[in-house]
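To start, the structure under review is shown below, and the notes come after it.
There are 2 protein chains.
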Amino acid sequence: MGTGQTADGSVRTPLSRDRILVTAVAMADTGGLDSLTMRSIGHELGVEAMSLYNHVRDKGEILAGIADLVLSEFDIRPPARDWRTATRESAISAHEALLRHPWSCELILAPRPPRILPARMRWIESILARFRAAGFSPAAASRGYHAIDSHVLGFTLWELGHRLPDDAPPDFLERVMRETDFSAFPYLLEHAAVHRAMSEEPELGEFEFGLDLILEGLDRHRTSQ
Amino acid sequence: MGTGQTADGSVRTPLSRDRILVTAVAMADTGGLDSLTMRSIGHELGVEAMSLYNHVRDKGEILAGIADLVLSEFDIRPPARDWRTATRESAISAHEALLRHPWSCELILAPRPPRILPARMRWIESILARFRAAGFSPAAASRGYHAIDSHVLGFTLWELGHRLPDDAPPDFLERVMRETDFSAFPYLLEHAAVHRAMSEEPELGEFEFGLDLILEGLDRHRTSQ
DNA sequence: ACCTGAACACCGTTCAAGT
DNA sequence: ACCTGAACACCGTTCAAGT
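Chains V and Z supply the protein sequences, listed in that same order. The first sequence begins at 87 in the numbering used here and counts up one residue at a time. The second sequence begins at 87 in the numbering used here and counts up one residue at a time.
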């Protein structure tokens, strides 16, 4: 250690902002945001926590950086048939990227402190540009962006909150269903049954359902100022 | 201290789970979630941090408790004209409650670890019951609940993320606009102009706009299974 | 220029000891 | 039964010291 070599004698790859961020993304993917500490990131890189401060200002910059990495996975240039198809495909690619990194929605939606993320700007610009090119007024394009962006980020976070954690025991759901008193909640019980039935024969995703409601609505309101 | 009296000699109100939660809500309202530490909550109550553990299992129970307090502010029994009006009013009351406690969306949407909140069950049940009473199939009611609930929580969190923090300097927005290079983002610049124009003559809220898109969509899909 | 040991001011939580 | 002092195992971060 401190000799430029790792314990096994191999030459150590020099630390860099990029290596820190890529490592942090991988760690968050497997262990969640809580597993990211300056010490644990350093350890993963074979380095002490304090070395990280030579490449990033503070932990907040790492969190902003990995959020931006996920945002840069959004497909902002889908085959640009009509605006509706293009927007739909773009939103779906964003949804998939967010699901690949389940910790990222929270970071993008509730950044502390707020930061301007370059990949986020490019994504928003692409949505606005598509609406404007399709003839939407500036105000209509703005509302369209709000609706699409909030659905992509908000619905995905909502969806993830209803997922079972990866480390949940296999009988977790059954136990909750058995231990919860549903006598005052008949429709909640029915709702659970719907979910069980759906998981056997998966149909149109819920994300797409909401997305299509928005797209239909935007199409209908497109002309009316 | 430790004598059952506060420093000024007045008799101290005994600690209780309720007092802890109500105090924590007030603290989060003024200082945000980050201002909630076991020590700071204890201090606010004139007690040491360790005393809290006589009334709650851990900090997670406090966070779940204050989230449930906010959820219990949702109006689940609005005047029940038709389903669409009732759902709309109920969603708007939920939106307002979440805005009163800007820290709460995050807690409800991304709970760590996930917990079953009683007030959340009551709220979901009320949505489902209303859809079913209006003739929605179980599957359609489930999808309706997903769309409404994810919009209420997801959009509000999204909206709050675009709000300026209360402690932002008055020229914050101007400085960001001046320092950011918009040359590659013409439509983002136009979007900012739309926002400026809108803040002068406020119109229909963005939350209601998305809500109405969903309600219209649900109405249209109501019959189709 | 980059990395580190030691230290600081915090966290949540436990537990034996007090009343 | 309820509260507390002291302690433990953590955090993020700073800084002088090393190479």
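Virtual Cβ for every residue (Gly too), placed ideally from N, Cα, C. In this text, all values refer to a predicted model and were calculated from it rather than measured experimentally.
* Do you know how far the Cα of Pro224 (chain Z) is from the Cα of His277 (chain V)? -> By 1-based counting over the first sequence, the position of residue 277 (chain V) is 191. By 1-based counting over the second sequence, the position of residue 224 (chain Z) is 138. Each residue's Cα considered, the two are about 7 angstroms apart.
* Indicate whether the contact test is met: 3 or more Cβ pairs, each with one atom in the stretch 204 to 213 of chain Z and one in the stretch 156 to 163 of chain V, closer than 8 angstroms. => no
* Around the C-beta of Leu250 (chain Z), are 16 or more other C-beta atoms found within 10 angstroms, so that it is buried, or is it exposed? -> Taking the second sequence and counting its residues from 1, the one referred to as residue 250 (chain Z) is at position 164. The residue in question, Leu250 (chain Z), is exposed, as its Cβ has fewer than 16 Cβ neighbours within 10 Å.
* Say whether chain V places a C-beta atom closer than 8 angstroms to the C-beta of Leu113 (chain Z). => For this step, residue 113 (chain Z) is matched to residue 27 along the second sequence. Reading the sequence as shown, one finds Met at residue 113 (chain Z) and not Leu. No, Met113 (chain Z) does not count as interfacial toward chain V.
* To do: Output the residue ranges of the alpha helix (DSSP H) runs that lie fully inside the stretch 200 to 262 of chain V and measure 4 residues or longer, sorted by chain position.
  => 204 to 219, 224 to 236, 242 to 247
* Counting pairs of Cβ atoms below 8 angstroms between the stretch 111 to 118 of chain Z and the stretch 289 to 300 of chain V, do you hit three or more? -> no
* To do: Say whether the stretch 230 to 250 of chain Z touches the stretch 231 to 240 of chain V, bearing in mind that this needs 3 or more beta-carbon pairs closer than 8 angstroms, one atom from each stretch.
  => yes
* To which residues of the same chain is Leu275 (chain V) closer than 8 angstroms at the C-beta, ignoring the five residues directly before and after it? -> On the first sequence, residue 275 (chain V) is found 189 positions in, with the first residue counted as 1. For Leu275 (chain V), where only same-chain residues beyond five positions count, the Cβ hits under 8 angstroms are Phe268.
* Nearest-angstrom Cα distance between Leu301 (chain V) and Gly296 (chain Z)? -> Numbered from its first residue, the first sequence carries residue 301 (chain V) at position 215. Numbered from its first residue, the second sequence carries residue 296 (chain Z) at position 210. Spanning the two alpha carbons is a distance of roughly 11 angstroms.
* Pick from Z:Phe241, Z:Asp252, Z:Met263, Z:Phe293 that is closest to Arg282 (chain Z), judged by C-alpha positions -> Here residue 282 (chain Z) corresponds to residue number 196 of the second sequence, with the count starting at 1. Checking every option, the nearest Cα to that of Arg282 (chain Z) belongs to Z:Met263.
* Under 8 angstroms between C-beta atoms of Ile148 (chain Z) and Leu131 (chain Z) -> Numbered from its first residue, the second sequence carries residue 148 (chain Z) at position 62. Numbered from its first residue, the second sequence carries residue 131 (chain Z) at position 45. No, the pair does not count as a contact, with Cβ atoms beyond the cut-off.
* Put Thr116 (chain V) into one of helix, strand or coil per three-state DSSP. => Looking up residue 116 (chain V) in the first sequence gives position 30. In this structure, Thr116 (chain V) counts as helix in the three-state DSSP scheme.
* Under a CB-based cut-off of 8 angstroms, is Phe222 (chain Z) close to chain V? -> Sequence index remark: in the second sequence, residue 222 (chain Z) carries index 136 (1-based). For Phe222 (chain Z), the answer is no, since every Cβ of chain V falls outside 8 angstroms of its Cβ.
* To do: Determine the burial state of Glu211 (chain Z): buried for a count of at least 16 other Cβ atoms within 10 Å of its Cβ, exposed for fewer.
  => One-based indexing of the second sequence puts residue 211 (chain Z) at position 125. Answer is buried; the Cβ neighbour count reaches 16.
* Asked: At a cut of 8 angstroms, does the stretch 119 to 133 of chain Z reach the stretch 166 to 176 of chain Z through at least three beta carbon pairs?
  -> no
* To do: Tell me whether Gly303 (chain Z) counts as near the ligand NAP, meaning its Cβ is closer than 7 angstroms to at least one heavy atom of that ligand.
  => Among the ligands in the structure shown, none appear at all, so the ligand NAP cannot be discussed.
* To do: Please report how far the alpha carbon of Ser176 (chain V) lies from the alpha carbon of Asp252 (chain V), in whole angstroms.
  => On the first sequence, position 90 is the one that residue 176 (chain V) refers to. On the first sequence, position 166 is the one that residue 252 (chain V) refers to. So the two alpha carbons sit approximately 27 angstroms from each other.
* **Cβ of Met136 (chain V) within 8 angstroms of any chain Z Cβ** => For the purposes of this step, residue 136 (chain V) is identified with residue 50 of the first sequence, where counting begins at 1. Chain Z, which has no Cβ nearer than 8 angstroms to the Cβ of Met136 (chain V), makes this no.
* Within 8 angstroms, strictly: CB atoms of Ala172 (chain V) and Arg216 (chain V) -> Position 86 of the first sequence holds residue 172 (chain V). Position 130 of the first sequence holds residue 216 (chain V). Cβ atoms of Ala172 (chain V) and Arg216 (chain V): closer than 8 angstroms.
* Beta carbon proximity, Leu259 (chain Z) to chain V, threshold 8 angstroms -> Stepping through the second sequence from its first residue, residue 259 (chain Z) is reached at position 173. Judged by the 8 angstroms Cβ criterion, Leu259 (chain Z) is not in contact with chain V.
* Asked: For the putative contact between Arg201 (chain Z) and Ala279 (chain Z), defined by C-beta atoms under 8 angstroms, what is the C-beta separation to the nearest angstrom?
  -> Counting from one through the second sequence, the residue named residue 201 (chain Z) turns up at place 115. Counting from one through the second sequence, the residue named residue 279 (chain Z) turns up at place 193. About 44 angstroms separates the two Cβ atoms, so there is no contact after all.
* Looking at His141 (chain V) and Arg103 (chain V), is the spacing between their C-beta atoms short of 8 angstroms? -> Here residue 103 (chain V) is taken as the residue at index 17 of the first sequence, counted from 1. Here residue 141 (chain V) is taken as the residue at index 55 of the first sequence, counted from 1. Yes.
* Is the beta carbon of Arg306 (chain V) less than 8 angstroms from the beta carbon of Phe222 (chain V)? -> Taking the first residue of the first sequence as position 1, residue 306 (chain V) is located at position 220. Taking the first residue of the first sequence as position 1, residue 222 (chain V) is located at position 136. Going by C-beta atoms, Arg306 (chain V) is not nearer than 8 angstroms to Phe222 (chain V).
* To do: Within 10 angstroms of the Cβ of Arg261 (chain V), are there 16 or more other Cβ atoms? Answer buried if so, exposed if not.
  => The residue labelled residue 261 (chain V) in the question sits at position 175 within the first sequence. With fewer than 16 Cβ atoms within 10 Å of its Cβ, Arg261 (chain V) is classed as exposed.
* Where does Pro100 (chain Z) sit, in a helix, a strand or coil, going by DSSP? -> Residue mapping note: residue 100 (chain Z) aligns to position 14 of the second sequence, counting from 1. Pro100 (chain Z): coil per DSSP, three-state reduction.
* **Own chain, CB closer than 6 angstroms to Arg218 (chain V), minus 5 neighbours either side, in chain order** => The residue given as residue 218 (chain V) occupies position 132 in the first sequence. For Arg218 (chain V), where only same-chain residues beyond five positions count, the Cβ hits under 6 angstroms are Ala227.
* Asked: Mind checking whether Gly240 (chain Z) and Gly303 (chain V) have CB atoms under 8 angstroms apart?
  -> Working through the second sequence from its first residue, we reach residue 240 (chain Z) at position 154. Working through the first sequence from its first residue, we reach residue 303 (chain V) at position 217. Not in contact: Gly240 (chain Z) and Gly303 (chain V) (Cβ atoms no closer than 8 angstroms).
* At a CB-CB cut-off below 7 angstroms, which residues of chain V make contact with Met207 (chain Z)? -> What you label residue 207 (chain Z) is simply residue 121 of the second sequence in a count that begins at 1. Those are Phe271, Leu274, listed as they occur along chain V.
* To do: Give a yes or no on whether 8 angstroms exceeds the smallest Cβ distance from Glu302 (chain V) to chain Z.
  => As a working mapping, residue 302 (chain V) is identified with position 216 in the first sequence. Glu302 (chain V) counts as touching chain Z.
* Asked: According to DSSP, is Arg143 (chain Z) helix, strand or coil?
  -> Along the second sequence, read from residue 1 onward, the residue named residue 143 (chain Z) stands at position 57. Arg143 (chain Z): coil per DSSP, three-state reduction.
* Could you have a look at Arg163 (chain Z) and say whether DSSP puts it in helix, strand or coil? => Residue mapping note: residue 163 (chain Z) aligns to position 77 of the second sequence, counting from 1. In the structure shown, Arg163 (chain Z) sits in coil (DSSP, three-state: anything other than H, G, I, E or B).
* Ser121 (chain Z) at chain V interface by Cβ criterion, 8 angstroms -> As a position in the second sequence, residue 121 (chain Z) is number 35, starting the count at 1. It does not; no Cβ of chain V falls within 8 angstroms.
* To do: Could you name the residues of the same chain whose beta carbon sits closer than 6 angstroms to that of Ala135 (chain V), not counting the 5 residues immediately before and after it, in chain order?
  => Counting from 1 along the first sequence, the entry for residue 135 (chain V) is found at position 49. Answer for Ala135 (chain V): Met124, Arg125, Gly128, listed in chain order.
* Identify whether Val133 (chain Z) lies in helix, strand or coil by the three-state DSSP scheme. => Residue 133 (chain Z) sits at position 47 when you count from the first residue of the second sequence. Looking at Val133 (chain Z) - three-state DSSP - the assignment turns out to be coil, as it is neither helix nor strand.
* Alpha-carbon spacing of Pro256 (chain V) relative to Ile152 (chain Z), whole angstroms -> Along the first sequence, read from residue 1 onward, the residue named residue 256 (chain V) stands at position 170. Along the second sequence, read from residue 1 onward, the residue named residue 152 (chain Z) stands at position 66. Pro256 (chain V) and Ile152 (chain Z): Cα-Cα distance of roughly 30 angstroms.
* Are there 16 or more other CB atoms within 10 angstroms of the CB of Thr99 (chain Z), so buried, or fewer, so exposed? -> Taking the first residue of the second sequence as position 1, residue 99 (chain Z) is located at position 13. Counting Cβ neighbours within 10 Å, Thr99 (chain Z) comes out exposed, since fewer than 16 surround it.
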